[in-house]
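Data block below; observations after.
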Amino acid sequence: MTNIVFKEKIKNLYFIVIGFIPSIIFIFFSLNFLMKITRSVKSHYIKNYNDLFRGIRFKKKNILEIGIGGHDLEHYKGGSLLMWKHYFLFSNIYGLDIINKNFNFFPRINSFVGSQNSKETLNKILEKMKTVDVIIDDGSHYNQHIFFTFKFFFQHLSNDGIYIIEDIKMPFSDIVSDQPLESISEPELFFNTLIHRVNSSNFGEIPEDYFLNNIKKVICNDSQIVIFKNKRDKKKTSYNFSPEKTKEGYIKLSDKINK
Ligand SMILES: C[S@@+](CC[C@H](N)C(=O)[O-])C[C@H]1O[C@@H](n2cnc3c(N)ncnc32)[C@H](O)[C@@H]1O
């Protein structure tokens, strides 16, 4: 046995021990601490997750992480699945990886093998999860796959659900489409248009569009997008008298009032 294989086996044993420690022991520990002991590689996002998940830590949720970690090392890694398991005391944690990781023996963890780009795989997960409350896409990081998975799962995400895409490498630009979001087939154009429309939907009417009618807000962090699902009124009113734009800004109101 080479030195590296031996070291990996020891690490695997470590993960197994951590995974079986009852989560209640960690009730007073922070996500940051849990990240360290599970050797998860999320340090870049840990502050965001702290803020995002504090309110649901003790709720019973169904959480799916795409990309378990460890790449082509079978049955290896899964640090973030263990981190989520110990952080969310009552939730079920689901993981998907294209390589067989098989973490099903840990309580409250279910893992699946398959690609995030396969409808059959995603259907199998959905069948098992039934309700999906949080999705973290940290899988292949291909824009086409990210888009495919998002389009599949968003409609099944619970109202109030959160959809997170990590390590997103997408050129954000002001090139947006005027087509309905549902008919856009190109990932970059879809996400650019979605962000633009959600961020500017306070002005005027929200058109009939499944995504816009069900997204409350989108936050773009450094290489991470967080999409909050929630039903929204189609019609959003601004003011009775909106000022017109001039060279200095939106200040010209008197003409409208004096009419
Ligand atoms: C960055 S790692 C995940 C790290 C893990 N989420 C963590 O925070 O510790 C990415 C994982 O995605 C898996 N992956 C790559 N392509 C995939 C695909 N098409 N579908 C599902 N998983 C994939 C890789 O095998 C790898 O284990």
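First residue of the sequence shown? That's 6 in the numbering used here, and the numbers climb one at a time after it. Positions of the beta carbon are idealized from the N, C-alpha and C atoms, including for glycine.
heavy atom of ligand 1 below 7 Å from residue i C-beta
| i | result |
| --- | --- |
| V46 | yes |
| L199 | no |
| G24 | no |
| N122 | yes |
| D143 | yes |
| E79 | no |
| I29 | no |
| E70 | yes |
| H91 | no |
| I140 | no |
| D227 | no |
| I224 | no |
| H161 | no |
| I42 | no |
| S116 | no |
| G254 | no |
| L101 | yes |
Expected contact under 8 Å - CB spacing of residue i and residue j to nearest Å
| i | j | result |
| --- | --- | --- |
| I173 | I230 | 6 Å |
| Q149 | P192 | 6 Å |
| N128 | V118 | Not confirmed; about 14 Å, so no contact. |
| F38 | R62 | Wrong, their Cβ atoms sit about 13 Å apart, outside the cutoff. |
| L186 | F216 | 4 Å |
| F153 | N107 | Not confirmed; about 24 Å, so no contact. |
Buried versus exposed, by CB contacts within 10 Å (16 or more), residue i
| i | result |
| --- | --- |
| H91 | buried |
| L101 | buried |
| N204 | exposed |
| L36 | buried |
| R59 | exposed |
| F196 | buried |
| E79 | exposed |
| K82 | buried |
| D138 | buried |
| Y168 | buried |
### Message
Across the stretch 104 to 111 and the stretch 80 to 92, are there enough close Cβ pairs to call them in contact, namely three or more that are closer than 8 Å?
### Response
yes
message = Under 8 Å, with one C-beta from each stretch per pair, do the stretch 126 to 143 and the stretch 190 to 209 reach the 3-pair mark?
response = no
query: For the 8 Å Cβ check, are there 3 or more pairs between the stretch 201 to 219 and the stretch 28 to 35?
result: no
- prompt: Does the pairing of the stretch 138 to 147 with the stretch 68 to 81 give three or more beta-carbon distances under 8 Å?
  reply: yes
* Asked: If you scan the stretch 22 to 109 from start to end, which runs of the beta strand (DSSP E) of 3 or more residues do you find wholly inside it?
  -> 67 to 71, 97 to 102
| Which parts of the stretch 145 to 216 are runs of the alpha helix (DSSP H), unbroken and 4 residues or longer, counting only runs that do not cross its ends? | 148 to 159, 192 to 204
Quiz item: Which full runs of the beta strand (DSSP E) of 3+ residues lie inside the stretch 111 to 149, going along the chain?
Solution: Taking only runs of at least 3 residues, the beta strand (DSSP E) segments lying wholly in the stretch 111 to 149 are 114 to 118, 137 to 142.
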